[in-house]
Amino acid sequence: MTELIGKLYEKLWRKVGGKSWTEIVREDQRNSPLFYLLISLGLGILIYRLAAKNWWQIVIGFLFGVLAGHFWW
20 MTELIGKLYE KLWRKVGGKS WTEIVREDQR NSPLFYLLIS LGLGILIYRL AAKNWWQIVI
80 GFLFGVLAGH FWW
């Protein structure tokens, strides 16, 4: 399964010119920041609507995500 995902990622990598998906998203975000702001706002509202009772678990999950992102970026 991992090998299949690796091959798929390699094919996509070659098609987009050797850039990782994070670089592509970063460049696109710089070109249209309002679009990404609206996406983030919509996702935040959706998460709030779906899990308003368990808000502290979501906050802890985001905290771990931010910490992991800063340690392994």
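Counting in this note's numbering, the sequence shown runs from 20 upward without gaps.
Each residue gets a CB set at the ideal place from its N, CA and C atoms; glycine is no exception.
Please read these numbers as outputs of a predicted model, since none were measured by experiment.
- Exclusion of the five residues before and after Tyr55 leaves Gln48 as the residues of its chain whose Cβ lies within less than 7 Å of its Cβ.
- About 16 Å separates the Cβ atoms of Ile77 and Ala87, ruling out a contact at the 8 Å cut-off.
- The same chain holds no residue with a CB closer than 7 Å to that of Arg45 once the five nearest residues on each side in sequence are set aside.
- For Gly36, there is no enclosing alpha helix (DSSP H), as DSSP gives it neither H nor E.
- Secondary structure remark: continuous alpha helix (DSSP H) runs of at least 4 residues inside the region 32-77, in chain order: 40-50, 52-69.
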